[in-house]
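>
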Amino acid sequence: MRGIARGIVLNSTSHGFWTEAGGNTLLLKTLVREAESSGTLVQRHGVWLKTAATPVHTVKLEAVVKLQLMRISAAGREALNLIALAEPVDETLINVVAGEAAVQELLDQHLIKPGGNGLPNLRLVNPVYGEVLRSIVPAAQSLQLHRQLISRMDVLEDNPDSLLRMVTWSLDCGADVPDRLLIRAAVLSARLLQSETALRMASAVRDVQWQSIAQAVLARSYFNLGRRDEAAAALAQETVDGDAGPSQVVSSSVLRAATRAAVGQSASLIRAEAEILREWGEQQPGLDGQRTPAAQAAVTLAATVIGLLAGSVDGDYKRMGPELERVLLQSGTVEGSLAPLFRGLALALKAEMMCALGRGRQARLLVLEAAALAQPQENDVFFIPEFISARLVICALAVGDWPTHKISSTGTTNRRASRWRPMAARPTWWPDTLPSGREKPATPCPC
Numbered sequence: 001m002r003g004i005a006r007g008i009v010l011n012s013t014s015h016g017f018w019t020e021a022g023g024n025t026l027l028l029k030t031l032v033r034e035a036e037s038s039g040t041l042v043q044r045h046g047v048w049l050k051t052a053a054t055p056v057h058t059v060k061l062e063a064v065v066k067l068q069l070m071r072i073s074a075a076g077r078e079a080l081n082l083i084a085l086a087e088p089v090d091e092t093l094i095n096v097v098a099g100e101a102a103v104q105e106l107l108d109q110h111l112i113k114p115g116g117n118g119l120p121n122l123r124l125v126n127p128v129y130g131e132v133l134r135s136i137v138p139a140a141q142s143l144q145l146h147r148q149l150i151s152r153m154d155v156l157e158d159n160p161d162s163l164l165r166m167v168t169w170s171l172d173c174g175a176d177v178p179d180r181l182l183i184r185a186a187v188l189s190a191r192l193l194q195s196e197t198a199l200r201m202a203s204a205v206r207d208v209q210w211q212s213i214a215q216a217v218l219a220r221s222y223f224n225l226g227r228r229d230e231a232a233a234a235l236a237q238e239t240v241d242g243d244a245g246p247s248q249v250v251s252s253s254v255l256r257a258a259t260r261a262a263v264g265q266s267a268s269l270i271r272a273e274a275e276i277l278r279e280w281g282e283q284q285p286g287l288d289g290q291r292t293p294a295a296q297a298a299v300t301l302a303a304t305v306i307g308l309l310a311g312s313v314d315g316d317y318k319r320m321g322p323e324l325e326r327v328l329l330q331s332g333t334v335e336g337s338l339a340p341l342f343r344g345l346a347l348a349l350k351a352e353m354m355c356a357l358g359r360g361r362q363a364r365l366l367v368l369e370a371a372a373l374a375q376p377q378e379n380d381v382f383f384i385p386e387f388i389s390a391r392l393v394i395c396a397l398a399v400g401d402w403p404t405h406k407i408s409s410t411g412t413t414n415r416r417a418s419r420w421r422p423m424a425a426r427p428t429w430w431p432d433t434l435p436s437g438r439e440k441p442a443t444p445c446p447c
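Read in this note's numbering, the sequence shown has 235 at position 235, and its numbers run on one by one without any break.
1. Smallest Cα separation from Ala236: which of Leu225, Val263, Val250, Asn224?
2. Along the chain, where does the alpha helix (DSSP H) containing Val42 start, and where does it finish?
3. At a cut of 8 Å, does the region 373–384 reach the region 354–364 through at least three beta carbon pairs?
4. What residue from Leu85, Ser14, Pro178 has the CA that sits closest to Pro138's CA?
5. Who are the near neighbours of Thr413 in its chain, counting only those whose CB is closer than 7 Å to its CB and skipping five residues on each side?
6. I'd like to know whether the C-beta atoms of Ala219 and Ala198 end up nearer to each other than 8 Å.
7. Tell me which residues share the same chain as Gly115 and place their Cβ nearer than 7 Å to its Cβ, disregarding the 5 neighbours each side in the sequence.
8. I'd like to confirm the pairing. Which residues does DSSP put opposite Asp90 in its beta bridges?
9. Mind the definition here: the region 246–266 touches the region 209–219 only if three or more C-beta pairs lie below 8 Å; say whether that holds.
10. Which residues mark the beginning and the end of the beta strand (DSSP E) in which Val177 is found?
11. Apart from the five residues on each side of it in sequence, which residues of its chain come closer than 6 Å, Cβ to Cβ, to Val458?
12. Please state the DSSP three-state secondary structure of Ala394.
13. Quick test of the definition: if touching needs 3 or more C-beta pairs under 8 Å, does the region 176–189 touch the region 98–110?
14. Can you find the residues in the same chain that come closer than 7 Å, C-beta to C-beta, to Val465, ignoring five residues on each side of it along the sequence?
15. Just grab the DSSP bridge partners of Pro114 for me.
16. Considering Leu49, what are the terminal residues of the beta strand (DSSP E) in which it resides?
17. Pull up the distance between the alpha-carbon of Glu352 and that of Ala261, whole angstroms please.
18. Check the DSSP bridge columns for Val9 and list the partner residues they point to.
19. Please determine, among Val65, Phe342, Asn224, the residue with the shortest C-alpha to C-alpha distance to Ala374.
20. When the Cβ atoms of the region 266–273 are set against those of the region 299–307, are three or more pairs found closer than 8 Å?
21. Whole alpha helix (DSSP H) runs in the region 206–233 with 4 or more residues, listed along the chain?
22. Is Met201 helix, strand or coil when you go by DSSP?
23. My assumption, with CB atoms under 8 Å, is that Leu26 sits in contact with Phe17. Please give the rounded CB distance.
24. Do Leu164 and Ser195 have their C-beta atoms closer together than 8 Å?
25. Is the beta carbon of Glu62 sitting closer than 8 Å to the one on Val132?
26. Could you check if Ala310 is buried or exposed, using at least 16 other CB atoms within 10 Å of its CB as the buried criterion?
27. For Arg134, is the classification buried or exposed, using 16 other Cβ atoms within 10 angstroms of its Cβ as the cut-off for buried?
28. Thr25 lies in the alpha helix (DSSP H); which residues open and close that run?
29. Would you kindly report the start and end of the unbroken alpha helix (DSSP H) that includes Thr168?
30. Taking just the CA atoms, how far does Ala267 sit from Ala339?
31. Which of the three DSSP states, helix, strand or coil, is assigned to Glu335?
32. Which one of Ala202, Ser221, Trp280 has the shortest CA to CA distance from Gln248?
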């Protein structure tokens, strides 16, 4: 690639193009030229950088792909289209639908390859073929192939590639997708930082019971794209589900508040979530229909946690201490997934408070305890892993623990946080300016 771009090229940039082209030199040259023409490959201070994904819907790329596919038969081309639309697809299934001879032809031409992961799947040899082919297959033909294949297969919900591809294909050709699958695919896309895809899937969700998670996916995806105003607008939508259980309402309120804090919304908006929850709790007989003190206490405790999140945004640490201790003491009295959620947030917030007050070593132990708690996977999209890992980074910096800072800032704080790419080392509770408008010092705490 250095010969094509004529200058210094970062290894990550050249590796990205090489991966996209699948080792095909003609595709590689075309991708580099198209990226340069579109402005996604730029030279800064003598170094070539890739600033965005290379556009694949271009005349030159389509021409190159079509030229390289001219040698295959009509049956091979139909099989190739089917694999492009459904990849990764089960080899046995594609042999039945498209014919073994057509599949073997594609293997001989090195246009497809085994999908890996120990599964008998097939996929295209490089992603560019897939992107171009999916863009040029007519919608009517895509729908026909979709019906032909979907009637013979089960969507593998536990296979991320299969789930994403089938949901995307269904949306592309106008086929119906159950909201349950849309949400699973949208959350997965958000976790993989495929933000545009996540936005598309979350926007297609219609059932009210899934709207809270869909909002979080929208907010997270807009935030990842740097579109903070739209992230805030997504959280401003009303999502009251009359059929939702009380525990789900309580959990959703806390998770929405955490998401508001993560995308940089004000403390007043976060506190508004607590007020709404308190008003709702006053009208309910108790959690899950039980008139028990512990059930009603869950609402009160959740409102307290939300208030603490707002206090974190304000930096009002002196007032947070007693309420943090109460949450930590009473978090074991709530049932189900609420207990680790309340305790994890409270531990992370207490660590933040102690670090800001100069007690970094004790703070680090608390945030490590928070990271070790097993949270439900669906909480990931609400910024919970980042909420904890950001505070671990600050504690590590405060005590000079650079190895921990390096590990946690790459998203490996706990078992699930390792599946995320890092969003930022700076915590969301550290705004650029104080409420008065004065700039904060270079370091977040005096410890």
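Beta carbons are placed, not taken as given, at the ideal position from N, Cα and C, and that holds for glycine. Bear in mind the structure is a predicted one, so any value in this text is a computation, not a measurement.
Inspection of the coordinates gives the following:
1. By one-based count along the sequence shown, residue 236 stands at place 236. Sorting Leu225, Val263, Val250, Asn224 by C-alpha distance to the C-alpha of Ala236 places Val263 at the top.
2. The sequence position of residue 42 within the sequence shown is 42, counting from 1. Premise fails: Val42 lies in the beta strand (DSSP E), 41–44, not in any alpha helix (DSSP H).
3. The region 373–384 is not in contact with the region 354–364.
4. In the sequence shown, the residue the question calls residue 138 occupies position 138. Proximity to Pro138 across Leu85, Ser14, Pro178 peaks at Leu85, based on C-alpha coordinates.
5. On the sequence shown, residue 413 is found 413 positions in, with the first residue counted as 1. Annotation note: pLDDT 38 at Thr413 (below 50); position unreliable, no value reported.
6. Along the sequence shown, one-based indexing puts residue 219 at 219. Along the sequence shown, one-based indexing puts residue 198 at 198. At least 8 Å separates the beta-carbon of Ala219 from that of Ala198.
7. The residue given as residue 115 occupies position 115 in the sequence shown. Same-chain partners within the cutoff: Pro88, Asn121, Leu122, Arg123.
8. On the sequence shown, residue 90 is found 90 positions in, with the first residue counted as 1. Partner(s): Asn121.
9. Yes, they touch.
10. Residue numbering aside, residue 177 sits at position 177 when the sequence shown is read from its first letter. Run containing Val177: none; DSSP gives neither H nor E here.
11. For residue 458 there is no data in the structure shown, the boundaries of the chain being 1 and 447.
12. Locating residue 394 in the sequence shown gives position 394, counting from the first residue. A small correction: the amino acid at residue 394 is Ile; Ala does not occupy that position in the sequence shown. Helix.
13. Under the Cβ criterion (8 Å, minimum of three pairs), the region 176–189 does not count as touching the region 98–110.
14. As shown, the chain starts at 1 and ends at 447. That puts residue 465 outside it, with no answer to give.
15. Taking the first residue of the sequence shown as position 1, residue 114 is located at position 114. According to DSSP, which records beta bridges pairwise, Pro114 is partnered with Leu122.
16. One-based indexing of the sequence shown puts residue 49 at position 49. If you look at Leu49, you'll find it in the beta strand (DSSP E) that goes 47–50.
17. As a first step, residue 352 must be located in the sequence shown, where it is residue number 352. As a first step, residue 261 must be located in the sequence shown, where it is residue number 261. The straight-line gap from Cα to Cα measures roughly 14 Å.
18. One-based indexing of the sequence shown puts residue 9 at position 9. DSSP lists Trp48 as partners of Val9.
19. What you label residue 374 is simply residue 374 of the sequence shown in a count that begins at 1. Proximity to Ala374 across Val65, Phe342, Asn224 peaks at Phe342, based on C-alpha coordinates.
20. Flag = yes, the region 266–273 and the region 299–307 touch.
21. 211–224, all fully within the region 206–233.
22. Along the sequence shown, one-based indexing puts residue 201 at 201. For Met201, the three-state secondary structure derived from DSSP is helix.
23. In the sequence shown, counting from the first residue as 1, residue 26 sits at position 26. In the sequence shown, counting from the first residue as 1, residue 17 sits at position 17. About 13 Å separates the two Cβ atoms, so there is no contact after all.
24. In the sequence shown, the residue the question calls residue 164 occupies position 164. In the sequence shown, the residue the question calls residue 195 occupies position 195. In this structure, Ser195 does not lie closer than 8 Å to Leu164 by Cβ.
25. In the sequence shown, the residue the question calls residue 62 occupies position 62. In the sequence shown, the residue the question calls residue 132 occupies position 132. In this structure, Glu62 places its C-beta atom within 8 Å of the C-beta atom of Val132.
26. The count along the sequence shown starts at 1 and reaches residue 310 at position 310. The residue is buried, with at least 16 neighbouring Cβ atoms inside 10 Å.
27. In the sequence shown, counting from the first residue as 1, residue 134 sits at position 134. Around the beta-carbon of Arg134, 16 or more other beta-carbon atoms lie within 10 Å, marking it buried.
28. On the sequence shown, residue 25 is found 25 positions in, with the first residue counted as 1. Thr25 -> alpha helix (DSSP H) spans 25–38.
29. Residue numbering aside, residue 168 sits at position 168 when the sequence shown is read from its first letter. Counting along the chain, the alpha helix (DSSP H) containing Thr168 begins and ends at 160–173.
30. The residue given as residue 339 occupies position 339 in the sequence shown. The residue given as residue 267 occupies position 267 in the sequence shown. Roughly 24 Å separates the two Cα atoms.
31. Position 335 of the sequence shown holds residue 335. Residue state, collapsed to three classes: coil.
32. For the purposes of this step, residue 248 is taken as residue 248 along the sequence shown, with counting starting at 1. The closest CA to that of Gln248, considering only Ala202, Ser221, Trp280, is found on Trp280.
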